[in-house]
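Peer 1: In our numbering, the protein residues as written are 4 to 121. C-beta atoms are modelled at their ideal positions from N, C-alpha and C, and glycine is treated no differently.
#1: Residue 61: buried (16+ other C-beta within 10 angstroms of its C-beta) or exposed?
#2: For residue 115, which residues in the same chain have their Cβ closer than 6 Å to its Cβ, ignoring the five residues on either side in sequence?
#3: Identify the residues that DSSP records as bridge partners of residue 95: which are they?
#4: With residue 30 and residue 65 assumed to form a contact (beta carbons below 8 Å), what rounded beta-carbon distance in angstroms separates them?
#5: How many Å lie between residue 12 and residue 82 at the Cα?
#6: What do you reckon, are the CB atoms on residue 107 and residue 97 nearer than 8 Å?
#7: Would residue 57 be called buried (16 or more neighbouring beta carbons within 10 Å of its own) or exposed?
#8: What's the C-alpha gap between residue 47 and residue 111?
#9: If you draw a straight line from the C-alpha of residue 105 to the C-alpha of residue 99, how long is it?
See below:
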């Protein structure tokens, strides 16, 4: 993923912004967007850790996230009209499938008609 550099952001990264209000407004707005775009949830969470004192480095990371969103605005699930209104759900798990720590992985999908909803 393109946001792997988010792992290296620190509290005292570069010069502090003179006015942090625009940074705070953008990051708080992105928290709501991460509900419908789960691919940005980690990045938004990481950026929100610096709301009290954002730096120029944090602002650059926020700009990269906004650029990513601009380029992927047409991506996502496409809803289509379907004659069926049946609800289908599928679930899978591998119980203790990881050989190192014996953690389980689970996943699910839910369809309404032919549209993926969760």
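Peer 2: So, to answer that:
#1: Position 58 of the chain shown, counted from the first residue, corresponds to residue 61. Classification for residue 61: buried.
#2: Sequence index remark: in the chain shown, residue 115 carries index 112 (1-based). Cβ within range, chain order: 90.
#3: Counting from one through the chain shown, the residue named residue 95 turns up at place 92. Answer by DSSP bridge pairing, in chain order: 110.
#4: Sequence index remark: in the chain shown, residue 30 carries index 27 (1-based). Sequence index remark: in the chain shown, residue 65 carries index 62 (1-based). Between residue 65 and residue 30 the Cβ distance is about 7 Å, and since that is below 8 Å, they are a contact.
#5: Here residue 12 refers to the residue found at position 9 when the chain shown is read from its first residue. Here residue 82 refers to the residue found at position 79 when the chain shown is read from its first residue. In this structure, the straight-line span from the alpha carbon of residue 12 to that of residue 82 is close to 37 Å.
#6: Residue mapping note: residue 107 aligns to position 104 of the chain shown, counting from 1. Residue mapping note: residue 97 aligns to position 94 of the chain shown, counting from 1. Yes, these two residues count as a Cβ contact at 8 Å.
#7: Counting from one through the chain shown, the residue named residue 57 turns up at place 54. Residue 57 should be labelled buried.
#8: Looking up residue 47 in the chain shown gives position 44. Looking up residue 111 in the chain shown gives position 108. Those two C-alpha atoms are separated by around 24 Å.
#9: Along the chain shown, read from residue 1 onward, the residue named residue 105 stands at position 102. Along the chain shown, read from residue 1 onward, the residue named residue 99 stands at position 96. So the two alpha carbons sit approximately 4 Å from each other.
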